[in-house]
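Quick note on our numbering: the sequence shown kicks off at 7 and runs consecutively.
Glycine included, each C-beta is placed from N, C-alpha and C at the ideal position.
All of these numbers come straight from a predicted model, not from anything done at the bench.
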Amino acid sequence: MKVIIINGPNLNLLGKRETDIYGHQSFESYFEELKINYPNMELSYFQSNVEGELVNQLQQVGFSYDGIILNAAAYTHTSIAISDAVAAISTPVVEVHISNIHAREEYRHVSLITSHCVGMLTGFGLKGYDMALNYFMKTSF
Ligand code: DQA
7 MKVIIINGPN
17 LNLLGKRETD
27 IYGHQSFESY
37 FEELKINYPN
47 MELSYFQSNV
57 EGELVNQLQQ
67 VGFSYDGIIL
77 NAAAYTHTSI
87 AISDAVAAIS
97 TPVVEVHISN
107 IHAREEYRHV
117 SLITSHCVGM
127 LTGFGLKGYD
137 MALNYFMKTS
147 F
């Protein structure tokens, strides 16, 4: 089963960025743990700070992969282009947020992406990615 994790802007700074909110672990190190915990899955990881690159990546994998785990970060709240890309592709997408976006500033309460996703995990820290992978592992298409 091929699953990709796609992270949006500033998530390359995990471990250094606002550690009270996002924790101390880098995503690269967490990704290594995921690969060990899901040996039977073909996992890949893509991160970009650039909106169009996220759209390109969604289009590239969105008709052949079995699952996409998407944390579009700040673009979650603003990007019609990413929302349209998620709506356009056939691969199921699970939206993940490390923090609980509903417990933060009001402008983070809206996601333009969720309605095109299987579901959304928010507030479980990095474990949200693990939970999303677990969903794909236990779901047969
Ligand atoms: C985030 C929440 C967003 O509001 C924020 O802009 C991020 C990260 C999260 O994972 O909690 O960059 O998506």
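inquiry  = Below 8 Å, is the gap between the Cβ of I119 and the nearest heavy atom of the ligand DQA?
reply    = The count along the sequence shown starts at 1 and reaches residue 119 at position 113. Checking the Cβ of I119 against the ligand DQA gives no.
query = Does the separation of the CB atoms of G68 and A87 fall below 9 Å?
reply = What you label residue 68 is simply residue 62 of the sequence shown in a count that begins at 1. What you label residue 87 is simply residue 81 of the sequence shown in a count that begins at 1. The Cβ atoms of G68 and A87 lie no closer than 9 Å to each other.
task = Check whether the Cβ atoms of L17 and Q53 sit closer than 9 Å, and answer yes or no.
result = For the purposes of this step, residue 17 is taken as the residue at position 11 of the sequence shown. For the purposes of this step, residue 53 is taken as the residue at position 47 of the sequence shown. It is a contact, given that the beta carbons lie within the stated cut-off.
inquiry  = Less than 9 Å between the C-beta atoms of I75 and A138, yes or no?
reply    = Within the sequence shown, the letter at position 69 stands for residue 75. Within the sequence shown, the letter at position 132 stands for residue 138. In contact: I75 and A138 (Cβ atoms closer than 9 Å).
task = Verify whether the separation of the beta carbon atoms of F142 and V100 is less than 9 Å.
result = Here residue 142 corresponds to residue number 136 of the sequence shown, with the count starting at 1. Here residue 100 corresponds to residue number 94 of the sequence shown, with the count starting at 1. In this structure, V100 lies closer than 9 Å to F142 by Cβ.
key: S89, enclosing beta strand (DSSP E) - first and last residue   = The count along the sequence shown starts at 1 and reaches residue 89 at position 83. Careful: S89 lies outside any beta strand (DSSP E), inside the alpha helix (DSSP H) at I86 to A94.
key: Stretch-stretch touch, CB-based, cutoff 8 Å, three pairs: the region 12-26 with the region 70-85   = They touch, by the three-pair rule.
inquiry  = In the DSSP assignment, the beta strand (DSSP E) including T25 goes from what residue to what residue?
reply    = Your numbering for residue 25 matches position 19 in the sequence shown. Not the beta strand (DSSP E): T25 falls in the alpha helix (DSSP H), residues T25 to Y28.
request  = Out of P98, H115, A80 and T84, state which residue places its alpha-carbon closest to the alpha-carbon of S152.
outcome  = Lying before the first or after the last residue shown, residue 152 is absent from the chain, which here runs from 7 to 147.
request  = Throw me the rounded Cβ distance for the I107 and G131 pair, which I believe falls under 8 Å.
outcome  = Here the question's residue 107 lines up with position 101 in the sequence shown. Here the question's residue 131 lines up with position 125 in the sequence shown. The pair is not a contact, with the Cβ atoms about 13 Å apart (cut-off 8 Å).
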